[in-house]
Each structure stands twice: as structure tokens, then as C-alpha cells.
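Quick note, the sequences are listed as chains G and F, same order. Numbering follows my numbering, in which position 64 of the first sequence is assigned residue number 64; successive positions increment by one, without gaps. Numbering follows my numbering, in which position 157 of the second sequence is assigned residue number 1157; successive positions increment by one, without gaps. Beneath this line is the structure, given in C-alpha cells, with notes to follow.
2 protein chains.
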Amino acid sequence: MKKHNFSAGPAILPASVIQEAAQGILDFNGSGLSILEVSHRGAAFMAVMDEAIELVKELLDLPADYEVMFLSGGASTQFFMAPMNLIDESDTACYVDTGTWASKAIKEAKAFGKIEVLASSKADNYTHIPQGFDVPSYAKYLHLTSNNTIYGTQYHWWPDTQVPIVCDMSSDIFSRPVDISRFGLIYAGAQKNMGAAGVTLVVVKKDLLGTVHRHLPAMLDYRLHIENGSMYNTPPVYAVYIAMLTMRWIKANGGMRQMEQLNQRKAQLLYDEIDANPCFIGTTRKEDRSLMNVTFLAAKPEWEQPFLDACKAAGCVDLKGHRSVGGFRASIYNAMPLEGVQALVDVMREFAKREQ
Amino acid sequence: MKKHNFSAGPAILPASVIQEAAQGILDFNGSGLSILEVSHRGAAFMAVMDEAIELVKELLDLPADYEVMFLSGGASTQFFMAPMNLIDESDTACYVDTGTWASKAIKEAKAFGKIEVLASSKADNYTHIPQGFDVPSYAKYLHLTSNNTIYGTQYHWWPDTQVPIVCDMSSDIFSRPVDISRFGLIYAGAQKNMGAAGVTLVVVKKDLLGTVHRHLPAMLDYRLHIENGSMYNTPPVYAVYIAMLTMRWIKANGGMRQMEQLNQRKAQLLYDEIDANPCFIGTTRKEDRSLMNVTFLAAKPEWEQPFLDACKAAGCVDLKGHRSVGGFRASIYNAMPLEGVQALVDVMREFAKREQ
């Protein structure tokens, strides 16, 4: 039976990427060697890294004053590495608290400067994106979490400010066009929209770097990674390869505009069903609904397990909501085809027929 | 033509591991999903992480007061993370400088405490392991690099000291039995003897942790990773899987004693040829020769390229020495079979017949 993978991350990859990924393990580019065992300084892998960096530039339409890095350690490492590289102890950075990951970013940043939390939706269990906050002009940056995987909310607007935005885009990178000039730094773990776990994309506007006075260990200094083309030390070779293959797939499938259109169609299909189906209730404010992670509850708690069972029977897997929210979460990243969402909607309709 | 992969790292993997690694990409444990796209919190991957940790404990014969972590960022991250977790600014740690990686470790450590370099073989271009140094009892640890990939030297003894040894074993982990009670902390990037690039093994004696007073970002705090079973954030799933498969292979092939015997036979075969063959010259002091990275020069510089060409024609690849040493380097890690080394020795003999 075909599986429809709704995992929040590591998450579904395009079927063609999985085939190429397996082929590269058995024989990388006809070299007679596996990509797992070739030198990262060899021409074959250098070409992969170069193409990965070029694809980021192309997909994000990056101006020349931005740099691209592929690093290790996940977004959780960026939570402290970004402030460490961008602010001194006496500087102020502003944050908006929209969920678990945003609040972890706030906690980690506090060791490196003055952190002001401009707004939070915590009191409402993060069911919406706060609005109406002002960004003080003395802030060195404003940190946002563009999509909140656990709570199913997403920014569909950006604050009107001259302060550079630092943005955790782990769960919606490459899912829609973004005006990059609004951002000073973007980071994203690969394992949702751009590949497998093990590599993190960082994009930074060059002139933000080199202003801090603290000691930076080599591996925590963005400038060193930029100078070395993300090859200061052995990079996570295979994870970079999968990211490159995934970005190639995004490009071949129409780039970010096409991704956005498909993502809107998929999300609309699912949210329409949630709103129409008496067995289910959406958990987030409608205007802040995520196109990536669709969170909803069973109208009666006793329906929760039977619905998950019905999903499983139809091949729809990993739909259990995060423990802090409960209910269900359907993660429908770029690689989830419309048929996958339709399969889930079909289960919801069947379930309603049976239970009503 | 069969390739014999002498790459220094990322390096040769057992053929059976490569087959399983590809299978896991296409269908992980019969789940109908790729290991690249399953949740790291799911039972299937949790079992992989648990088995990987158990295999480390078994292969290293770890006492109960040691902990195992799988982290990101390579040994280069451990260069600063180890001192950050083990010494305060007023503490002293001692280092021995045996090459490029040792000296990078020294440089990174200096930001976190008083660093004493007890001995260095730099003046001799790192062609031997320094001896006859005393380790002061006030040192919180002694840092060694057990095998020096670039220079082809390896410790075949350990300093007689009560001070805990912190050891970078990136290029000889699991290649021979080690009396773990001599060590306080061991770290190793996976991409030489235990898998593919993208994950780093850290083994630590628990009582060394929790003594420092500085702020540690979450991702840089060993204790947090231990508490969370290396799952504080999304781990590098696939790299952990390959490490687990490689350790399974080591165990199935007789464990560390068997690895050591095979590694000794392979190294002996190659060093004997270097010593007997008039076309080649070994670069390191004989008693410090590495069983992992065999470095040698052509007796006449004009032989260098023709010999590399002859190797390539015989399927022996990635034999060029590191740019800081020149000549040749044959990396013959656990996964290199005796036939691979024999193939290289055959090329050396043919070359001598032709050129002499």
C-alpha cells in the first residue's frame, strides 16, 4: 500500500529525489564509488556543494550582498549562533514569541545581548501570530519564526520595519516566494522542505557580520564558513547532496511560485474540509493558518484514536499532533502531492459518514 | 573495474553497509518509507539510535560511568566544545602537538582556559610522536590526537599519568582495543572508521561534567545531550544510521581485536613494501607509523605523477598525499580489505620493475 507521509520532520521527500539518493549511495555519478565514501575535497562533491549554493541563490533570488552557508547542528544551533555573531552584550535584539521554537531562540539569545520580546501569543497557546507591535529602531535585528510547526501558524505578512529581520524558516523555506531584501539572516534546518536531517541552510546579508567583539570559536564564526565555501571542515556530505537534489526538484517543478500555488491548493483543500466537517475543529486563527502544518482536533475526544486508526488503514501516517497541542497535525510540505492531501480528506469524509 | 578507495575521509565503507544504506533509503525496515523521511521520534529510528549507543558501549567495553553521544559539527566542533565543558578560565589543560588537527585543537582551547603545550613535533614536520614529556598533576586533562591523518603517525602507547586523557580518535576509533579507563573523553568524526560524514561520536566519563561555571548554550552542553539521549534536537538521522550499520559490521567481523589484527597485517604488508622498494621512502619514524594512514614519497620527484597514474589504472584511487606533506597517502581504515592493500603493493612492485 502506498504511504502518505504527513510527518512534521524529518518529512516527505519527492519520490524522484529518493531514487536518486539511493543511486548515489550505490554509485555516485558513475564513479564506481558511493557518495558516502568519497573525499569532500574531490571534484565530484565540490560540484555538488557549488550547485547547492547556486540553487539557493537562484531559488531565493539572492542579491549579491548575501552569502549562503550549509552548516551542521540544526536550527537549535542557530538559536545561539545568530546572536553570537550579530550582537554584542550591550546591543538589543527584538524577538516575537510564536511558539516552542521561538521561545527556545529567545532563551538562547539572552546570553549574548539585551533581548526584548515585543509580542507573544503564549497566553492563547500560540494559536495566532501577534500583531500591532512596534519594532524599536535601536534594535540590531528582529527575530521571527516564519512558520510554527507545532502550533500550525505562519506569518502571511512581515512587520513594517527598517530593522533587519532574522528569521527561522526551518519549516517553510522554499514553500513560497519571499522578498529577501526584508531579511538580514535566514536559517532553516533541511529536514522539512529542503531535504533530510543533518544540514542547516544559513543565508546572511554580508554587512551584518564582523561587528561583534566577543571571541568566536572557528566553527561558530559565519565569516569563516563563508570564506571556506562551507568547507572549513568536512561538511555533512550526504545531507548536502540530498538538499541539492531537492532544490533541483523544486526548480524543475516551477520554482517557488509553483510551490506556493500547489501549497495553497493543498492547504485550501484540507482547511475547507476541516471547516465543513462536523467531526473536526481547526486550532488556529484562520488568517494565521499555516500552509505547511495543518493542526486540528476531533470534535469529540473519543474520536481521536479511531480517526488515527482510519488514517493508518488508508496509508496516511504520522498525523498525531505534537504533545503540547494534541489532536492532529498534517504536515503538507512541498513534496506532499495533492493526491496525498486528497487521500486524507477522503478519510475525514468517510469518518464523518460513519460517526455522524 | 573494481575501485580500491584509499581516501583519507570521507573514506571507504564496507560493501555490505553500502548495500544496506541504499536499501534503507528506498524502504526502511519494510515501512514503505525512506529513512530520510521518517520522524526521529518514531519507534523505528529510536531503535537505531538505541542500538548505535549500545554498540559503542559494547565495542569500547565502556564502564557504567561513561556516557555516549552522537553530535553534529565534526571533531572541529569538539576542539572548542570539550574545553568549554571541562575547564574554567583559571584551569589548566595540557596538549601535545602532533599535527594540523592537534594544533587546531590547541588554538580553539585557548579561549577557555590556560593551555600548556607539553611537547610538539612541529619542528620535524610532525614526522614522529613526541615522547618524554611530564604531565603536571594540576592539569584538568591531557589532550592527545591518537592518529594523525595528514602526517601518518599514531600513538602506540599512552602517557603514564593520572590526569584524564581527552583524545581525538577521529581517524582510528574502533581500529584497535583501547583501555578506556585511561580516557576521560573521546571524540571522533564518523567519516573514517565508523561511517559517513555528518555525525561525531563523543564518549565521556560522567564525573568530568558539571564543574565549569560559564554559560553553555543548550546545543554545546554535553549534559543536555546525555539527558536527551542525543535527541535534544533532530539528530543527523541518516549519518547515525550509517554509523550503526558500520558498528554492526565491526561486531559481526570479530570486534576490535579482529580489526586490530587485520589492520596490522594490512599495514605491515604496505610498510614492508615501502621499506623494500627502492622507488619509495616512508615519511615517518618507524615506531610511530600509523596503521590507518600510510604516508610515503617517491624516491625521485619525477616518479610522483607516473605512480599516481599507474595506481589509477589499477583502480587504486585517492592516493595523493595531503598538500602539507606531498607524496602519497594510503588510508587503510577498517573497511579496506587486505586485497585492496595487495592491489596497491602490486602496483608499487610493477612500478619498480618498470622504472629501475
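Yeah, the Cβ is synthetic: ideal placement off N, Cα and C, and Gly gets one too.
Residue range of the unbroken alpha helix (DSSP H) whose run includes residue i
{"i": "Cys-1279 (chain F)", "result": "Element bounds for Cys-1279 (chain F): n/a, residue is neither H nor E."}
{"i": "His-225 (chain G)", "result": "222-227"}
{"i": "Ala-139 (chain G)", "result": "Taken as a continuous stretch (DSSP letters only), Ala-139 (chain G) belongs to no alpha helix (DSSP H), as it is neither H nor E."}
{"i": "Arg-349 (chain G)", "result": "338-355"}
{"i": "Ala-1314 (chain F)", "result": "Per DSSP, Ala-1314 (chain F) belongs to no alpha helix (DSSP H) and is neither H nor E."}
{"i": "Asn-85 (chain G)", "result": "74-86"}
{"i": "Met-1244 (chain F)", "result": "1237-1252"}
Which residues DSSP lists as bridging residue i, in chain order
{"i": "Ile-150 (chain G)", "result": "Answer is none; Ile-150 (chain G) lacks a bridge partner."}
{"i": "Phe-1183 (chain F)", "result": "F:Ile-1165"}
{"i": "Leu-1297 (chain F)", "result": "F:Ile-1281"}
{"i": "Ala-1188 (chain F)", "result": "F:Leu-1201"}
{"i": "Thr-1092 (chain F)", "result": "F:Lys-1114"}
{"i": "Asn-1263 (chain F)", "result": "DSSP output for Asn-1263 (chain F) lists no bridge partner at all."}
{"i": "Val-5 (chain G)", "result": "The question names Val, but residue 5 (chain G) in the sequence shown is Asn. In the DSSP output, where bridge partners are listed per residue, Asn-5 (chain G) has G:Val-317."}
{"i": "Arg-289 (chain G)", "result": "G:Thr-153"}
{"i": "Ala-1119 (chain F)", "result": "F:Val-1096"}
Local conformation of residue i per DSSP, three classes
{"i": "Asn-125 (chain G)", "result": "coil"}
{"i": "Phe-1328 (chain F)", "result": "strand"}
{"i": "Asp-1050 (chain F)", "result": "helix"}
{"i": "Ala-1196 (chain F)", "result": "coil"}
{"i": "Asp-1160 (chain F)", "result": "coil"}
{"i": "Ser-16 (chain G)", "result": "helix"}
{"i": "Ser-175 (chain G)", "result": "coil"}
{"i": "Thr-361 (chain G)", "result": "Coverage of chain G is limited to positions 1 through 356, which leaves residue 361 (chain G) absent and any answer about it impossible."}
{"i": "Arg-1257 (chain F)", "result": "helix"}
{"i": "Pro-306 (chain G)", "result": "helix"}
{"i": "Leu-1062 (chain F)", "result": "coil"}
{"i": "Ser-1103 (chain F)", "result": "helix"}
{"i": "Phe-45 (chain G)", "result": "helix"}
Unbroken beta strand (DSSP E) run spanning residue i, endpoints
{"i": "Ile-165 (chain G)", "result": "165-168"}
{"i": "Tyr-1377 (chain F)", "result": "Absent from the structure is residue 1377 (chain F), since the part of chain F shown begins at 1001 and ends at 1356."}
Alpha carbon of residue i to alpha carbon of residue j, nearest angstrom
{"i": "Ile-1150 (chain F)", "j": "Gln-1131 (chain F)", "result": "20 Å"}
{"i": "Glu-1001 (chain F)", "j": "Ile-1180 (chain F)", "result": "The sequence given here places Met at residue 1001 (chain F); Glu does not occur at that position. When rounded, the distance between both Cα atoms is 41 Å."}
{"i": "Gly-113 (chain G)", "j": "Pro-136 (chain G)", "result": "15 Å"}
{"i": "Gly-282 (chain G)", "j": "Ser-324 (chain G)", "result": "15 Å"}
{"i": "Asp-88 (chain G)", "j": "Arg-214 (chain G)", "result": "7 Å"}
{"i": "Lys-1107 (chain F)", "j": "Ser-146 (chain G)", "result": "38 Å"}
{"i": "Gln-258 (chain G)", "j": "Pro-177 (chain G)", "result": "9 Å"}
{"i": "Leu-262 (chain G)", "j": "Gln-268 (chain G)", "result": "10 Å"}
{"i": "Ala-330 (chain G)", "j": "Val-317 (chain G)", "result": "9 Å"}
{"i": "Ile-250 (chain G)", "j": "Met-256 (chain G)", "result": "7 Å"}
{"i": "Ala-1310 (chain F)", "j": "Trp-1303 (chain F)", "result": "10 Å"}
{"i": "Pro-14 (chain G)", "j": "Phe-1296 (chain F)", "result": "46 Å"}
{"i": "Phe-6 (chain G)", "j": "Asn-1125 (chain F)", "result": "55 Å"}
{"i": "Gln-1264 (chain F)", "j": "Ala-1343 (chain F)", "result": "17 Å"}
{"i": "Glu-54 (chain G)", "j": "Ala-44 (chain G)", "result": "16 Å"}
{"i": "Ser-103 (chain G)", "j": "Gly-1030 (chain F)", "result": "38 Å"}
{"i": "Gln-23 (chain G)", "j": "Ser-39 (chain G)", "result": "18 Å"}
{"i": "Phe-80 (chain G)", "j": "Ala-93 (chain G)", "result": "13 Å"}
{"i": "Thr-1100 (chain F)", "j": "Ser-1076 (chain F)", "result": "11 Å"}
{"i": "Thr-1246 (chain F)", "j": "Ile-173 (chain G)", "result": "33 Å"}
{"i": "Met-1046 (chain F)", "j": "Asp-65 (chain G)", "result": "42 Å"}
{"i": "Tyr-357 (chain G)", "j": "Thr-1127 (chain F)", "result": "Residue 357 (chain G) is absent from the structure shown; chain G starts at 1 and stops at 356."}
Close Cβ partners of residue i (< 7 Å) along its chain, the five nearest in sequence each way excluded
{"i": "Lys-192 (chain G)", "result": "Gly-9, Ala-11, Ser-170, Ser-171 and Tyr-333"}
{"i": "Ile-1225 (chain F)", "result": "Sequence inspection shows His at residue 1225 (chain F); the Ile mentioned does not correspond to that position. The answer, listed in chain order, is Met-1069, Leu-1071 and Tyr-1232."}
{"i": "Met-336 (chain G)", "result": "Ile-12 and Lys-266"}
{"i": "Trp-1158 (chain F)", "result": "Ile-1165 and Arg-1182"}
{"i": "Cys-1167 (chain F)", "result": "Leu-1144, Ser-1146, Phe-1183 and Ile-1186"}
{"i": "Lys-1140 (chain F)", "result": "Leu-1086, Ile-1087, Asp-1091, Thr-1092 and Ala-1093"}
{"i": "Gly-357 (chain G)", "result": "Because chain G is modelled from 1 through 356, residue 357 (chain G) falls outside the range shown and cannot be assessed."}
{"i": "Gly-32 (chain G)", "result": "none"}
Close-in-space but distant-in-sequence residues of the same chain around residue i (CB under 8 Å, 5 per side omitted)
{"i": "Gln-1162 (chain F)", "result": "Ser-1137"}
{"i": "Leu-62 (chain G)", "result": "Val-56, Val-68, Ile-180 and Val-203"}
{"i": "Arg-1289 (chain F)", "result": "Gly-1152, Thr-1153, Gln-1154, Ala-1267, Tyr-1271 and Gly-1282"}
{"i": "Leu-36 (chain G)", "result": "Ile-25, Val-237 and Tyr-238"}
{"i": "Phe-1133 (chain F)", "result": "Val-1096, Leu-1118, Ala-1119 and Pro-1159"}
{"i": "Asp-346 (chain G)", "result": "Ala-314"}
{"i": "Leu-220 (chain G)", "result": "Met-81, Met-84 and Asn-85"}
Neighbouring residues, chain C, relative to residue i (Cβ below 8 Å)
{"i": "Ala-1196 (chain F)", "result": "In summary, chain C is missing from the structure at hand, where the protein chains are G and F."}
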